[in-house]
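Novice: The sequence shown runs contiguously to residue 139 in this note's numbering. From the three backbone atoms N, C-alpha and C, an ideal C-beta is built for every residue, glycine too. These numbers were taken from a predicted model, which means no experiment stands behind them.
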Amino acid sequence: MVDDVLLNKTAIIERCLGRIDQEYKGHEQELETNFTRQDAIILNLLRVCEAAIGTAMHIVRLRHLGVPQESREAFTMLDDAGILDAKLAGHMRAMVGFRNIAIHNYQKINLEIVRSILDNRLNDFRQFTTTILQITND
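(1) Can you name, in chain order, every residue of its own chain whose Cβ lies under 8 Å from the Cβ of ARG64, other than the five neighbours on each side?
(2) Beta-carbon within less than 7 Å of PHE126's beta-carbon, same chain only, minus the 5 sequence neighbours each way: which residues are those?
(3) By a C-beta neighbour count over all protein chains shown, 10 Å radius and 16 as the cutoff for buried, is ASN45 buried or exposed?
(4) Roughly how many angstroms lie between the CA atoms of ARG122 and PHE76, to the nearest whole one?
(5) Could you give the DSSP three-state label for HIS158: helix, strand or coil?
(6) Quick one, are the C-beta atoms of GLU24 and ILE43 less than 7 Å apart?
(7) Does the beta-carbon of THR131 have 16 or more other beta-carbons within 10 angstroms, so that it is buried, or is it exposed?
(8) As a quick exercise: from ASP5, LEU32, ARG16, ASN9, pick the residue whose alpha carbon is nearest that of ASP120.
(9) Roughly how many angstroms lie between the CA atoms of VAL68 and ARG62, to the nearest whole one?
(10) Taking all protein chains shown into account, do 16 or more other C-beta atoms lie within 10 angstroms of the C-beta of ALA90, making it buried, or fewer, making it exposed?
(11) Please classify SER72 as buried or exposed, where buried requires at least 16 neighbouring CB atoms within 10 angstroms.
(12) For ALA95 versus LEU47, is the C-beta spacing smaller than 7 Å?
(13) What are the uninterrupted segments assigned as alpha helix (DSSP H) that are 4 or more residues long and contained completely in the segment 63-89, given in chain order?
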């Protein structure tokens, strides 16, 4: 059975992905020039990352998989436990790296990396939430 924490975290991820889609799709050429749109996209990417990290940490705790020393390690533990496949776990760990750069060095965000995430990696979060909801319903 899915608990309220997981339902809330996955809802946050889906809501923020929707906001990213609203701001980016059809406005791709504005990423570098429309700073309000850029900020909305990056803020929602950060929220998605935080919610995914929180979800991973919660599953690690519920399943007694260990005590992660850093955020990335939670995704490794989910991989080691067979909850996430290695490829998805790797993509999620990479997103932790993006989150760290965005939070600690905002002025150094490479918009080409942001664009690559927007064009190629958002479905990783959808796959993550689907996987988490499936395993917690089993």
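Specialist: On the basis of the supplied data:
(1) ALA82, ILE84
(2) ILE14, LEU18, VAL49, ALA53
(3) buried
(4) When rounded, the distance between both Cα atoms is 16 Å.
(5) Because the chain spans 2 through 139 in this model, residue 158 falls outside it and cannot be assessed.
(6) no
(7) exposed
(8) LEU32
(9) 8 Å
(10) buried
(11) buried
(12) No, these two residues do not count as a Cβ contact at 7 Å.
(13) 72-81
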